[in-house]
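Counting from 1, one number per residue, gives the positions in the sequence shown under UniProt numbering.
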Amino acid sequence: MKAILIAATCVLCVACSKSEDKPAEAKTPEAVQPAPQATAQPQQTPATPAANASPLTRSADGVTYENDYMGLSIAKPEGWYAQPAEETMKMSQRGTDMVAGDDKMLKAMLDASLKSSLPLFSFFEAPPGTPGKQIASLVGVAENISALPGIKSGCDYLSHVGQMLKSAAPQFSVSDTCKTERIQGNTFGVLEVTAKQAGILMTQHYYACRKGEHAVAMVGTSYDAAGATKLGQVLQTLKVKCG
């Protein structure tokens, strides 16, 4: 659960960029090297990760992003920015620093959690660094939770996330109730979190399900009804088999 907490904190790094920030280069790179069209195979969604599959998310067309290891695919919204994996990892390190502050023990725990997590995708409405814009986003990670057999469902996972948010990020208002939502045949736990930045209301929805020894977790960030609707549409393109 630390992995998605770090991802959510990373969103705060880019969500409301200041005007003096240098805009990112206007391009939409793939998460990793594009997969060759000729070798593309039908999407598989096994309940457990494929042992010999690549853990890196790939896209052959810049629209559909696939992670063979987790048996997951999702479509990037038109015009949005797909953050490369190496950028995501660098931002995650920034996130651990923001959450831990001067707490060296917590910093060590968060650093360790990054080693057991896998970035799946990071979609931003505009490239990080775009000045003067509240940037909606959807970020997905997989976290190995094999050492936590008590986590049976997405809501079990999110209950820990909520407690950590309340402790590490008191500026967040965390819902006391985890709801469930059906997404493409899977039951996801959903936790709502809100916060104000410079008087602007930010709403985050955390989604999670258990997939074998992993939790598949996502955090969607929006600032208005239109942004929330767009994120809901993107989630309906998600293909993964939880259980």
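Glycine included, C-beta positions come from ideal geometry on N, C-alpha and C. Model, not experiment: these values are computed from the prediction.
Local conformation of residue i per DSSP, three classes
i: Leu56; result: coil
i: Met164; result: helix
i: Ser159; result: helix
i: Val234; result: helix
i: residue 244; result: Residue 244 lies beyond the stretch modelled for the chain, which goes from 1 to 243, so this question has no answer here.
i: Glu66; result: strand
i: Gly150; result: coil
DSSP bridge partner residues for residue i (one or two, in chain order)
i: Val219; result: Val139 and Tyr206
i: Lys76; result: Paired residues: none, contrary to the question.
i: Val190; result: Lys179 and Tyr207
i: Val174; result: Val193
i: Lys239; result: Ser73
i: Ile200; result: Gln197
CB-CB length for residue i against residue j, believed under 8 Å
i: Ala142; j: His214; result: 5 Å
i: Thr203; j: Ser175; result: The pair is not a contact, with the Cβ atoms about 11 Å apart (cut-off 8 Å).
i: Thr237; j: Ile135; result: The pair is not a contact, with the Cβ atoms about 20 Å apart (cut-off 8 Å).
i: Leu72; j: Val240; result: 4 Å
i: Phe172; j: Ala195; result: 5 Å
i: Pro55; j: Tyr69; result: 4 Å
Cutoff 6 Å; reference residue i; Cβ partners in own chain excluding five residues on either side
i: Asn186; result: Cys209 and Cys242
i: Gly220; result: Leu138, His205 and Leu231
i: Glu192; result: Ser175 and His205
i: Gln83; result: Ser122
i: Cys155; result: Cys178 and Gly189
i: Asn67; result: Thr57 and Leu120
i: Ala228; result: Ser222
i: Glu181; result: Phe188 and Val190
i: Met218; result: Gly140 and Tyr207
Residues near residue i in its chain [Cβ-Cβ closer than 8 Å; skip 5 each side]
i: Pro170; result: none
i: Ile183; result: Tyr207, Leu235, Gln236 and Leu238
i: Lys152; result: Arg210
Beta-carbon contacts of residue i that lie in its chain and below 7 Å, excluding the five residues immediately before and after
i: Pro77; result: Phe123, Lys230 and Val234
i: Trp80; result: Phe123, Phe124 and Glu125
i: Ser146; result: Glu213
i: Ser159; result: Cys178
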